[in-house]
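Q: When the letters of the sequence shown are read in order and numbered with the numbering used here, they come out as residues 500 to 995.
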Amino acid sequence: MKAICCLLFLSIFSIISLRSLSLSLNKAYTAAITRRHLGQAKLTDGFEIHIDARLNFPNPRLKKAYYALQEWKKVILSDPEKMIKNWEGIDVCSYNGVFCAKAPDDPNSMTVAGIDLNHGDIAGQLVPHLGLLTDLSIFHINSNRFCGIIPDSFSKLTILHELDVSNNRFVGPFPNVVLKMPKLKYLDIRYNNFEGELPPQLFDKDLDAIFLNNNRFSSVIPENIGNSKASVIVLANNDFKGCIPKSIGQMAKLDEVIFADNELSGCLPDELGLLENITILDLSENNFVGTIPEGFGKLKGVEMIDIRKNKLIGTVLEGICTLPKLLNFTFSDNYFNRLEPKCEKPVRPELVMDYRENCLPKKPDQKSEKKCEPVVNREIDCESVGCKSQVDSDEESKKRKPPKKPTPVPKPKPSPVPAPAKPKPPPVPAPAKPKPPPVPAPAKPKPPPVQSPPPPPTQSPPPPPVPSPPPFDDIVLPPEVGYSYPSPPPPIFPGY
């Protein structure tokens, strides 16, 4: 009886084992067929291409492009303009916003050379798979609702000339992946939420246009900005601090520089007068002090100078007012108290000047005498408010300022210098010396140092929109790409 029971148990166990083995074989067989059907191919980027093996592509480049674009399509959550509606099938060159050209290293193969989805109001993210588009020369997605970060895989785009992700909702620190793009000429990341410091390596790249405005950058401007070969640099509407590095005078190709609406301070460097090719100079809405450098009179090609809403003092030089191409000179909301004769009555009728909210005698719409008096007579030592002192935080710089300011005051009266330390403990020295009674008198110079009181904030009309390159109607693909900038200035969608 026991033998029969044991035999029965072994029979049941063997049946169960065979069934589980059969199931395992079926799963393995099914997986093998699936892999064969999908045509897997491993990539060095850490992910695999899964494409139906029954699909026939003209070449491997278009096969990778198909996979990358289909993966991107999966994470697009909203496409109100139906821009990617026709992203179906293997003919990626017929997709809206996708442009193909002959491969640069193989004229017999077509490849995806450009993507332009500007003004689509598309919501979604960028996927790492876009790094498979290694022949991409332009990537334009401005004026959409893409969010997240720029994938590190974009470092594979080694011949990318133009990167325009402006007017989206990207976040995080400066996208350092752009530093790994050796052919990049045009960088536009404005109107996003990037923040933190700018890497100095940015200005060592051979870029022609750098648009970083309307983000949340908060560092100083790197000292090596003068290494840049860019013709346009726009840093407006951020939170940059410190002063303008003197190396900016080395930028011989600079055509437009717009640093408006930041927290920049210090004196305007004389080296700005070396920018002979500049046409637009906008330093408005900062905290610059001192006078206008005489070198401004050498800017023979400048058409617009905007230095409004700063704390500049002194005389407006006629060397500026007589510049041959100057059309707009705005210096309102400062503390200028004198115009040289040719600024008083400009010799060129086409020149428009805005001098409101200054301290100019007999001119309308000026600041009150109460606001002007403490500032216009203030002596500014540009060395003490230079770049180095501005690197620190505002609190630290305030701590350092008091010992610097009193130093010129005691010079005419050296005798009372040691006395201010003694009046603080008046009970001790009072009976011993008769001189302590006059000590309070020298203590009065401390409040009146002319340098200390900052000018009160003033209200001014909102600034005009930041100038940008004009839009182009058509997009020119390689080899000409990179020499014209087809991306128009991005509009701000309501609710941004």
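All residues carry an ideal CB built from backbone N, CA and C; glycine is no exception.
Roughly how many angstroms lie between the CA atoms of Leu816 and Pro579, to the nearest whole one?
A: Going by the C-alpha atoms only, they are around 54 Å apart.
Q: Straight-line CA distance for Thr610 to Asn595?
A: One C-alpha to the other measures close to 15 Å.
Q: Could you have a look at Asn723 and say whether DSSP puts it in helix, strand or coil?
A: Looking at Asn723 - three-state DSSP - the assignment turns out to be helix.
Q: Using the C-alpha atoms, what's the distance from Lys573 back to Gly623?
A: Each residue's Cα considered, the two are about 9 Å apart.
Q: Take the Cβ of Ala729 as the centre, count every other Cβ of all protein chains shown within 10 Å, and call the residue buried at 16 or more, exposed below.
A: Ala729 comes out buried.
Q: Can you tell me the Cα-Cα spacing of Ile743 and Asn723, whole angstroms?
A: Ile743 and Asn723: Cα-Cα distance of roughly 11 Å.
Q: Using 10 angstroms around the beta-carbon of Leu576, count the other beta-carbons present and answer buried if the total reaches 16, otherwise exposed.
A: Its Cβ having fewer than 16 others within 10 Å, Leu576 is exposed.
Q: Give the straight-line distance between the Cα atoms of Glu856 and Arg668, rounded to the nearest whole angstrom.
A: Their backbone Cα atoms lie some 37 Å apart in a straight line.
Q: Helix, strand or coil, according to DSSP, for Ile550 in the structure here?
A: Residue state, collapsed to three classes: coil.
Q: Which residues does DSSP list as the beta-bridge partners of Glu570?
A: Looking at the DSSP assignment, Glu570 forms no beta bridge with any residue, so it has no partner.
Q: I believe Leu631 touches Lys563 by the beta-carbon criterion, under 8 Å. Please report the beta-carbon distance rounded to the nearest angstrom.
A: Yes, they are in contact, since the Cβ atoms of Leu631 and Lys563 sit about 4 Å apart, within 8 Å.
Q: Would you mind sorting Asp805 into buried or exposed? The rule is 16 or more other CB atoms within 10 Å of its CB.
A: Asp805 comes out buried.
Q: How is the alpha helix (DSSP H) around Glu843 delimited, first residue to last?
A: That run of the alpha helix (DSSP H) goes 840-843.
Q: Beta-carbon separation of Phe645 and Leu625 under 8 Å?
A: For Phe645 and Leu625, yes; Cβs fall inside 8 Å.
Q: Which partner residues does Val851 have in the DSSP bridge list?
A: Its beta-bridge partners are Asn827.
Q: Answer yes or no: do Trp571 and Leu659 have a C-beta to C-beta separation smaller than 8 Å?
A: No, these two residues do not count as a Cβ contact at 8 Å.
Q: Assign Glu547 to one of two classes, buried (16 or more other C-beta atoms within 10 Å of its C-beta) or exposed (fewer than that).
A: Glu547 comes out exposed.
Q: Return yes when the Cβ of Gly741 is within less than 8 Å of the Cβ of Ile720, no when it is not.
A: Yes, they are a contact pair.
Q: What's the gap between the Cα of Asn607 and the Cα of Ser652?
A: Going by the C-alpha atoms only, they are around 27 Å apart.
Q: Give the straight-line distance between the Cα atoms of Glu793 and Leu773, rounded to the nearest whole angstrom.
A: Roughly 11 Å between the two C-alpha positions.
Q: Nearest-angstrom Cα distance between Ser727 and Asp590?
A: Between Ser727 and Asp590, the C-alpha separation is close to 41 Å.
Q: Are the Cβ atoms of Leu771 and Lys799 separated by less than 8 Å?
A: No. Outside cutoff.
Q: For Asp760, which residues in the same chain have their Cβ closer than 6 Å to its Cβ, ignoring the five residues on either side in sequence?
A: These residues qualify, in order along the chain: Ala735, Asn736, Glu784.
Q: Determine the contact status of Val875 and Asn836, defining contact as a CB-CB distance below 8 Å.
A: Contact: yes.
Q: Could you check the C-alpha separation between Phe673 and Lys684 for me, to the nearest Å?
A: C-alpha separation (whole angstroms): 17 Å.
Q: Could you give the distance in angstroms between the alpha-carbon of Lys752 and the alpha-carbon of Pro557?
A: Each residue's Cα considered, the two are about 44 Å apart.
Q: Under 6 Å Cβ to Cβ from Gly748, same chain only, skipping five residues before and after it: list those, please.
A: Taken in chain order, the residues that qualify are Glu770, Leu773.
Q: With DSSP as the reference, please indicate the residues paired to Thr610 in a beta bridge.
A: Partner(s): Ala600.
Q: Here's the rule: buried if 16 or more other CB atoms are within 10 angstroms of the residue's CB, otherwise exposed. What is Ser764?
A: Looking at its Cβ environment, which holds 16 or more other Cβ atoms inside 10 Å, Ser764 is buried.
Q: Apart from the five residues just before and just after Lys655, which ones in its own chain have a Cβ nearer than 6 Å to its Cβ?
A: Within the same chain, Lys655 has close Cβ partners Gly630, Thr633.
Q: Looking at Asn675: is its Cβ nearer than 8 Å to the Cβ of Tyr690?
A: Cβ atoms of Asn675 and Tyr690: not closer than 8 Å.
Q: From Lys824 to Cys599, what distance separates their C-alpha atoms?
A: Going by the C-alpha atoms only, they are around 43 Å apart.
Q: With DSSP run on the structure shown, which of helix, strand or coil describes Gln624?
A: In the structure shown, Gln624 sits in a strand (DSSP, three-state: E or B).
Q: Taking 7 Å as the cut-off, is the C-beta of Phe710 nearer than that to any heavy atom in the ligand ATP?
A: The ligand ATP is not part of this structure, which contains no ligands at all.
Q: In whole angstroms, what is the alpha-carbon distance linking Gly796 and Ile640?
A: So the two alpha carbons sit approximately 41 Å from each other.
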